[in-house]
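K.L.:
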Amino acid sequence: PDNFGIQYEAYCLAKDNSNIKEASSYLEDMFRKFLTEHRLWEEVYKIANALRADSLDAEGAFLRDMFSHLPTASQHDILLSVAEHCMDTAEHCRLMLLLLRKFPEKVVEHGVKLIDTLQMAEKHGHCQTPLNQFRKLLVCDVAPLVLKLGVDLPIKQMYRLIHKCIEFYTVYIHAPNKAKLDLSMKLSPEAEAGSPEADLWRQLLSFVGLASRRLHWELADLVSEPGSAGVSDSQWQRLHSLVLSRPNPGVDYPGTPRRHEEALASRQKQVFLLHYCCLFLHARLQLRKGT
19 PDNFGIQYEA
29 YCLAKDNSNI
39 KEASSYLEDM
49 FRKFLTEHRL
59 WEEVYKIANA
69 LRADSLDAEG
79 AFLRDMFSHL
89 PTASQHDILL
99 SVAEHCMDTA
109 EHCRLMLLLL
119 RKFPEKVVEH
129 GVKLIDTLQM
139 AEKHGHCQTP
149 LNQFRKLLVC
159 DVAPLVLKLG
169 VDLPIKQMYR
179 LIHKCIEFYT
189 VYIHAPNKAK
199 LDLSMKLSPE
209 AEAGSPEADL
219 WRQLLSFVGL
229 ASRRLHWELA
239 DLVSEPGSAG
249 VSDSQWQRLH
259 SLVLSRPNPG
269 VDYPGTPRRH
279 EEALASRQKQ
289 VFLLHYCCLF
299 LHARLQLRKG
309 T
């Protein structure tokens, strides 16, 4: 019947009896008909939390299994609706991340917008340090997912993401423990038993390597194997040649403003290249210490 109270009670009864098929059927029907009901939204939020949890109690495990029993289209619609219904920006972004991980084909549709949302949230949230929840979600979760799935981003935005990633990881690695309490970093099982810092350097190098390949950098292969011991002589020679091939930033370029802009751009590229190389070598040394 088209009565929320009756259908909700039937749903609860099916859930109490661990009847996944009936419970999922009632939930799907209620979601299509009674989107304004507060109790329905409470249940949907419970499901979303169960899908994100690393460990589950009996109810959480049932909710997760019940959700997986729903048709794929209904799963997508429920996750998208609960994310759009959420008023807290950070929680909205976490729910959208859950959606994108569950449905990678939707990254093209929602990924770039989610990156923009996180950047704006950090900016308008007046965060005093890179160690904030918006930056963590951006550089550790959302941006790597978007880049791995081949979504094209403007070059300027790519460089901004690289900068934000380097800033976040270097500050996080060297920050006192008290500054890390609000950020839950996911480490590999090997890192939890060994050197967490080395694993964080691997994550940083992995992101920069991913971004460099998307940007078609000549030096992208320098981070293709973040666990290797050092830089070969041939790689050093390539780096040296690339620096020498840039116009000398000390030369005063006469003529049009465009020539001045080109000189400035060349200088910025050289500074970034050398900074990146120093960061790369420091990370490699840290990896050797941690292994």
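Numbering follows our numbering, in which position 61 of the sequence shown is assigned residue number 79; successive positions increment by one, without gaps.
Using N, Cα and C, we set each Cβ at its ideal position, and we do this for glycine too.
Just so we're clear, the structure is a prediction, and the values are computed from it rather than from any experiment.
#1: Let me confirm a value: Ser252 is counted as buried when at least 16 other C-beta atoms fall within 10 Å, else exposed. Which label applies?
#2: Roughly how many angstroms lie between the CA atoms of Gly78 and Ala32, to the nearest whole one?
#3: Do Leu155 and Cys183 have their C-beta atoms within less than 7 Å of each other?
#4: Distance, Cα to Cα, Leu116 vs Lys39?
#5: Since Leu228 contacts Pro162 with CB under 8 Å, what's their CB separation in whole angstroms?
#6: Within the continuous alpha helix (DSSP H) that includes Trp59, where are the two ends?
#7: Thinking C-alpha only, which one of Val62, Arg119, Lys141 is nearest Thr107?
#8: Short check: CB of Phe186 to CB of Val164, under 7 Å?
#9: Nearest CA to the CA of Asn150: which residue from Glu55, Tyr190, Leu218?
#10: Please report how far the alpha carbon of Leu171 lies from the alpha carbon of Asp134, in whole angstroms.
#11: Below 8 Å CB to CB, which residues in the same chain sit around His128 once its five sequence neighbours on both sides are set aside?
#12: Here's the rule: buried if 16 or more other CB atoms are within 10 angstroms of the residue's CB, otherwise exposed. What is Gln25?
#13: Going by the CB atoms, is the gap between Arg50 and Ala68 shorter than 7 Å?
#14: Suppose you measure from the CA of Leu98 to the CA of Cys104; what does that come to, to the nearest Å?
#15: Secondary structure at Asp75, three-state DSSP: helix, strand or coil?
#16: Using DSSP with H/G/I as helix, E/B as strand and the rest coil, what is Gln146?
#17: Here's a check: name, in chain order, each residue in its chain whose Cβ is nearer than 7 Å to the Cβ of His234, leaving out the five neighbours to either side.
#18: For Phe22 versus Phe52, is the C-beta spacing smaller than 7 Å?
#19: So the candidates are Arg256, Trp219, Ser36; which of them puts its Cα closest to the Cα of Ala76?
#20: Do Val169 and Val125 have their CB atoms nearer than 7 Å?
#21: Are Leu88 and Ser42 close, meaning C-beta to C-beta below 7 Å?
#22: Need the endpoints of the alpha helix (DSSP H) that Lys124 sits in, please.
#23: Quick one: grab the DSSP three-state call for Leu136.
#24: From Leu136, Asp34, Lys174, Arg153, pick the residue whose C-alpha is nearest to that of Thr188; which is it?
#25: Can the beta-carbon of Tyr29 be found less than 7 Å from the beta-carbon of Tyr44?
#26: Just tell me which of Arg70, Lys120, Asp72 has its CA closest to the CA of Ala91.
P.N.:
This is what the structure holds:
#1: Within the sequence shown, the letter at position 234 stands for residue 252. Classification for Ser252: exposed.
#2: Here the question's residue 78 lines up with position 60 in the sequence shown. Here the question's residue 32 lines up with position 14 in the sequence shown. Straight-line Cα distance between these residues: approximately 15 Å.
#3: Numbered from 1 along the sequence shown, position 137 holds the residue referred to as residue 155. Numbered from 1 along the sequence shown, position 165 holds the residue referred to as residue 183. Not in contact: Leu155 and Cys183 (Cβ atoms no closer than 7 Å).
#4: Taking the sequence shown and counting its residues from 1, the one referred to as residue 116 is at position 98. Taking the sequence shown and counting its residues from 1, the one referred to as residue 39 is at position 21. Between the alpha carbons of Leu116 and Lys39 lies a gap of roughly 23 Å.
#5: If you number the sequence shown from 1, residue 228 lands on position 210. If you number the sequence shown from 1, residue 162 lands on position 144. So it is a contact: roughly 6 Å between Cβ atoms.
#6: In the sequence shown, counting from the first residue as 1, residue 59 sits at position 41. Under the DSSP assignment, Trp59 falls in the alpha helix (DSSP H) whose first and last residues are 56-70.
#7: If you number the sequence shown from 1, residue 107 lands on position 89. Out of Val62, Arg119, Lys141, Lys141 has the C-alpha closest to the C-alpha of Thr107.
#8: Residue 186 sits at position 168 when you count from the first residue of the sequence shown. Residue 164 sits at position 146 when you count from the first residue of the sequence shown. In this structure, Val164 does not lie closer than 7 Å to Phe186 by Cβ.
#9: Along the sequence shown, one-based indexing puts residue 150 at 132. Distances from the CA of Asn150 to each of Glu55, Tyr190, Leu218 were compared; the closest alpha carbon is that of Tyr190.
#10: Taking the sequence shown and counting its residues from 1, one reaches residue 171 at position 153. Taking the sequence shown and counting its residues from 1, one reaches residue 134 at position 116. Answer to the nearest angstrom: the Cα atoms are 11 Å apart.
#11: Mapped onto the sequence shown, residue 128 falls at position 110. Result list for His128: Met114, Leu117, Leu118, in chain order.
#12: Position 7 of the sequence shown holds residue 25. Burial check for Gln25: the Cβ neighbour count within 10 Å reaches 16 or more, so the residue is buried.
#13: As a first step, residue 68 is located in the sequence shown; it is residue number 50 there, counting from the start. As a first step, residue 50 is located in the sequence shown; it is residue number 32 there, counting from the start. No, Cβ-Cβ distance for Ala68 and Arg50 is not below 7 Å.
#14: Along the sequence shown, read from residue 1 onward, the residue named residue 98 stands at position 80. Along the sequence shown, read from residue 1 onward, the residue named residue 104 stands at position 86. Their backbone Cα atoms lie some 10 Å apart in a straight line.
#15: As a first step, residue 75 is located in the sequence shown; it is residue number 57 there, counting from the start. Note: Asp75 maps to coil in three-state DSSP.
#16: Position 128 of the sequence shown, counted from the first residue, corresponds to residue 146. Gln146: coil per DSSP, three-state reduction.
#17: As a first step, residue 234 is located in the sequence shown; it is residue number 216 there, counting from the start. Contacts found: none.
#18: Position 4 of the sequence shown, counted from the start, is the residue given in the question as residue 22. Position 34 of the sequence shown, counted from the start, is the residue given in the question as residue 52. Yes, Cβ-Cβ distance for Phe22 and Phe52 is below 7 Å.
#19: The count along the sequence shown starts at 1 and reaches residue 76 at position 58. Per the Cα distances, Ser36.
#20: Taking the first residue of the sequence shown as position 1, residue 169 is located at position 151. Taking the first residue of the sequence shown as position 1, residue 125 is located at position 107. The answer is yes: Cβ separation under 7 Å.
#21: Against the sequence shown, residue 88 aligns to sequence position 70. Against the sequence shown, residue 42 aligns to sequence position 24. Against a cut-off of 7 Å, the Cβ pair of Ser42 and Leu88 comes out as a contact.
#22: Along the sequence shown, read from residue 1 onward, the residue named residue 124 stands at position 106. That residue, Lys124, is in no alpha helix (DSSP H); it is neither H nor E in DSSP.
#23: Position 118 of the sequence shown holds residue 136. In the three-state scheme derived from DSSP, where H, G and I count as helix and E and B as strand, Leu136 is classed as helix.
#24: On the sequence shown, residue 188 is found 170 positions in, with the first residue counted as 1. Nearest C-alpha to Thr188 among Leu136, Asp34, Lys174, Arg153: Arg153.
#25: For the purposes of this step, residue 29 is taken as the residue at position 11 of the sequence shown. For the purposes of this step, residue 44 is taken as the residue at position 26 of the sequence shown. Contact flag set, yes.
#26: The residue labelled residue 91 in the question sits at position 73 within the sequence shown. Answer by Cα proximity: Lys120.
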